[in-house]
Ligand code: ADP
Ligand code: ZN
Ligand code: ZN
């Protein structure tokens, strides 16, 4: 007899909640993985049944009965529940929050599951005459078809809705004419296309190495330079896994990378694809989640949170651009999808492949130590060649909008040959700060230790950390002088300067401001890809994994900002960014060229990247980390606290430090409390306590005892605090 139900509820509590079964519900009707409606305080909540036993953690008379069982059959398998509980334990996060956050939003709220419905729209072969007629009679229909073609022939309904307003009438009309059809991703009737080329020897070796481990756990690092054909390796492996009747989990860091990838996968892999990312509507995500859970889609493609989705018969896990910090959730439940992908593969007994041109030092160390198989692709696939990199010393140069004469000349040369150039600057807005020449006033944010960025077109000063904004002042708020001037450059200014300099060359700017409108990003990326735009200006949004075949020159306007960061990972991030941006050059038939402006041309990081390569940089950086005993040569957890008064956060962390020192008895290094690098943010003062150990296990053992009692410390109720295991960002 086991009549106590252990239920996960979305509450900040380190444990499960105990209930009795709902009245008149026989025990056979209850199974872990079902949702139940339970009384909670004076209201009701939806929870997930995790286990049954005969033991309750509270006195019998305090137990209440659940109200109702919401699912006839479990939504999650026991294995999956166990995996999610493992994840919650590892990150020392309340299990209820972790388990419930793994459910789609509607299901989390206790709603009944949706019935599957077509969510993908694709173009059918149409008669050219009918198509031409549309241009005259139905411009909206024609526009939609043109857009679909740009997307590679198909798109999800949510992408479509993001791009067009009130689209349903148009879709109905086109369906009626047989010019488009609706379905699910990957269920197209069109025959699969065979690969267009033979694998390069290194690609073939990589495929063979992973294939030989199918059916067992093994981790691989696919360390392949940009454009070396990593995606092709993934595709061949995916084919083999599907042939064996097993499923594939494919993680990418960015939503904007998925449309192209879906099209590529659809052409090569049979069966539907479940696409899980935050750009889709709640309904679409839930349907994709159900398809994955029921094994109806054997390919599950998604961003970070997809690693928590149920995928039965998992046969392979792929993590593309594994170094990308987007895999780490930076607030709330702070997990790393890359790291959890490894755990997932281990529990499912299947291989996992981490791919990157600029692997994280974590993964490189694992490869060097022999824990991961190390697969190298050292050459670009096909005809493409690797670009040459060169530094431009801008000391004592007259810059125009941040651009040196040499850079402007190089741009001129490329544009006059009819090729594309990309100009990269990792700062959006017009200028990072506005200053007064009269009194030295700076556009400080009133709520942060940061400056408000000048956005000229919007006519506003905006803080990029807390969103606080005001209109652009005409006179100095401090002394009244009209001599207000922007300092430094952002992408908005670059756009202006380049347009003035190269009129007649179409330019697209790709950053968060320029792409906030409906469908804008897709549009701009399409113009960049097909060569309609000859100048591409942007932030790191441009750097991520895109394939622009016509780009012959990549210019990095300012690499100095990243050279002296306070964070010990600053150099690693900068090196990755430089190599990734540079990797956008020369991906087609022309050789590419990369120019970097700097005032520190002798800086060792730049010298190593220009004269050697990322691998050389990484070897050096790993040596330094080992000497300094920093990750990946040690293991960290960061306790963050913030409060309206600076002392409150520090008091709390002092109490926490005393507690952890007592628990650890010298087995951990405890640093702090110290003010966070950005001490004040959004009106709150922030402090850090850093814990570090030489072994992961040791750190985990102490966190296990430490974290659950943090909330009982005297000042715990007066601060916001959080625990970040394996923090990526110390700021
Ligand atoms: P990565 O993911 O490593 O940046 P991709 O897989 O996108 O590279 O490949 C870059 C380009 O090279 C793509 O256009 C792809 O079709 C092409 N490609 C990949 N493998 C080969 C090959 N073996 N022969 C010829 N072209 C290839
Ligand atoms: Zn002034
Ligand atoms: Zn601010």
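Numbering (our numbering), first residue to last: 1 to 731. Every residue gets a Cβ at the ideal spot worked out from N, C-alpha and C, and that includes glycine.
Does residue 449 come out as helix, strand or coil in the three-state DSSP assignment?
In the structure shown, residue 449 sits in coil (DSSP, three-state: anything other than H, G, I, E or B).
Between the alpha carbons of residue 129 and residue 260, how many angstroms are there, rounded?
When rounded, the distance between both Cα atoms is 28 Å.
Using CA atoms only, rank isn't needed, just tell me which of 233, 219, 441 is closest to residue 200.
When each option's Cα is compared against that of residue 200, the closest is 233.
From what residue to what residue does the beta strand (DSSP E) around residue 147 run?
Where residue 147 is concerned, there is no enclosing beta strand (DSSP E), although the alpha helix (DSSP H) it sits in stretches over 139-150.
Can you determine whether any heavy atom of ligand 1 sits closer than 7 Å to the C-beta of residue 198, and answer yes or no?
Because some heavy atom of ligand 1 lies under 7 Å away, the Cβ of residue 198 counts as near it: yes.
DSSP puts residue 218 in a beta bridge; with which residues?
Paired residues: 351.
Hey, is the region 145-161 in contact with the region 260-278, meaning 3+ C-beta pairs nearer than 8 Å?
Yes, they touch.
Along the chain, where does the alpha helix (DSSP H) containing residue 230 start, and where does it finish?
First-last of the alpha helix (DSSP H) with residue 230: 230-243.
So for residue 400, helix, strand or coil by DSSP?
It is a strand residue.
Report buried or exposed for residue 178, applying the criterion of at least 16 other Cβ atoms within 10 angstroms of its Cβ.
Exposed, by the Cβ-count rule.
Quick one: give me the first and last residue of the beta strand (DSSP E) that residue 44 is part of.
Its beta strand (DSSP E) spans residues 43-53.
Reducing DSSP to helix, strand and coil, say where residue 637 ends up.
The answer is strand: DSSP assigns residue 637 an E or B state.
Can you tell me the Cβ-Cβ gap for residue 354 and residue 363, rounded? I've got them flagged as a contact below 8 Å.
That belief holds up - the Cβ atoms of residue 354 and residue 363 are roughly 5 Å apart, short of 8 Å.
For residue 134 versus residue 142, is the C-beta spacing smaller than 8 Å?
The answer is yes: Cβ separation under 8 Å.
What three-state label does DSSP hand residue 275 in the structure shown?
In this structure, residue 275 counts as strand in the three-state DSSP scheme.
Confirm the yes/no value for this check: CB of residue 534, any heavy atom of ligand 2, distance under 7 Å.
False, no ligand heavy atom lies under 7 Å from that Cβ.
Please tell me whether residue 229 and residue 381 are closer than 8 Å, where the distance is taken between their beta carbons.
Closer than 8 Å, so yes.
From residue 277 to residue 649, what distance separates their C-alpha atoms?
Taking the straight line from one Cα to the other gives about 35 Å.
Looking at ligand 1, does it come within less than 7 Å of residue 531, judged from the CB to the closest heavy atom?
Residue 531: no, Cβ never under 7 Å from ligand 1.
In the DSSP assignment, the alpha helix (DSSP H) including residue 608 goes from what residue to what residue?
Run containing residue 608: 604-611, per the alpha helix (DSSP H) assignment.
Flag residue 230 as yes when its Cβ comes closer than 7 Å to any non-hydrogen atom of ligand 1, and as no otherwise.
It does: the Cβ of residue 230 is within 7 Å (strictly closer) of some heavy atom of ligand 1.
Between residue 540 and residue 250, what straight-line distance do the alpha-carbon atoms span, to the nearest angstrom?
The straight-line gap from Cα to Cα measures roughly 22 Å.
Straight-line CA distance for residue 557 to residue 425?
In a straight line, the C-alpha of residue 557 is about 6 Å away from that of residue 425.
Cα-Cα, which of 329, 503, 727 is closest to residue 632?
Ranking the options by Cα distance to residue 632, first place goes to 727.
Can the beta-carbon of residue 210 be found closer than 8 Å to that of residue 351?
Yes, these two residues count as a Cβ contact at 8 Å.
Buried or exposed for residue 360, going by 16 or more other Cβ atoms inside 10 Å?
The residue in question, residue 360, is buried, as its Cβ has 16 or more Cβ neighbours within 10 Å.
Indicate, with yes or no, if ligand 3 has a heavy atom lying under 7 Å from the CB of residue 465.
Yes, the Cβ of residue 465 comes within 7 Å of a heavy atom of ligand 3.
Do the region 427-442 and the region 407-416 touch if we need at least three Cβ pairs shorter than 8 Å?
Too few Cβ pairs lie closer than 8 Å, so no.
Any idea if residue 445 is buried or exposed, counting beta-carbon neighbours within 10 angstroms, 16 or more meaning buried?
When all chains shown are included, residue 445 counts as buried.
Would you call the CB atoms of residue 635 and residue 695 closer than 8 Å?
Contact: yes.
How many Å lie between residue 410 and residue 422 at the Cα?
Answer to the nearest angstrom: the Cα atoms are 12 Å apart.
Going by C-alpha distance, which of 246, 358, 453, 652 is nearest residue 761?
The shown model of the chain, from 1 to 731, leaves out residue 761, and the question about it has no answer.
Is DSSP giving residue 262 helix, strand or coil here?
Three-state result, residue 262: helix.
Taking C-beta to C-beta, are residue 327 and residue 334 nearer than 8 Å?
Not closer than 8 Å, so no.
Taking the alpha carbon of residue 714 as the reference point, which residue from 319, 652, 336, 685 has its own alpha carbon closest?
Out of 319, 652, 336, 685, 652 has the C-alpha closest to the C-alpha of residue 714.
How is the beta strand (DSSP E) around residue 469 delimited, first residue to last?
Unbroken beta strand (DSSP E) run through residue 469: 469-471.
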